[in-house]
Amino acid sequence: MEMQLTVKKWGNSPAVRLPAAVMKEANLTLDQLVEVHAENGRIIIEPARKAYSLEELLAQCDPKAAMPDLSDWHDMKPQGKEVW
1 MEMQLTVKKW
11 GNSPAVRLPA
21 AVMKEANLTL
31 DQLVEVHAEN
41 GRIIIEPARK
51 AYSLEELLAQ
61 CDPKAAMPDL
71 SDWHDMKPQG
81 KEVW
C-alpha cells in the first residue's frame with residue numbers, strides 16, 4: 001500500500017497521521033509500542049519487540065528436559081577469533 005501523507009505540526013513536534021487502512025495493513029493498533037528509525041532517507045515504523053524478563057524466559061524452560069551433550073562443542077577448536 002502506498003499513499004502520500006502530509007507532515008503536520010502536533011504540539012511542538014512534526015507528525016504524520018496514519019490512516020486506518022495503513023494501520024490494518026501493518027497490523028498495528030492504537031497505543032501499541034513501535035520502534036522508529038531512519039534508514040537511507042526513509043522512516044521505518046515497526047512493532048516493538050517484546051522485552052522478556054528473566055522470569056518470563058525461565059518460565060518457558062522445562063526443568064526436566066534432558067541436557068544436551070556439550071562435549072563436542074566444548075572440545076571444538078576455535079573457528080575464528082574466539083578468545084578462550
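Number 77 in the numbering used here belongs to position 77 of the sequence shown; there are no gaps in the numbering.
Even for Gly, the Cβ is constructed at its ideal location relative to N, Cα and C.
On a predicted model such as this, the values are computed, not experimentally measured, just so you know.
Per DSSP, residue i forms a beta bridge with which residues?
i          : result
residue 46 : 35
residue 73 : Paired residues: none, contrary to the question.
Leaving out the 5 sequence neighbours to the left and right, which residues in its chain are closer than 6 Å to residue i when beta-carbon positions are compared?
i          : result
residue 44 : 37
Could you work out which residue in the options is closest to residue i when comparing CA atoms only?
i          : options           : result
residue 5  : 29, 18 and 14     : 18
residue 22 : 15, 35 and 1      : 1
residue 29 : 80, 68, 15 and 46 : 46
residue 33 : 53, 72, 58 and 49 : 49
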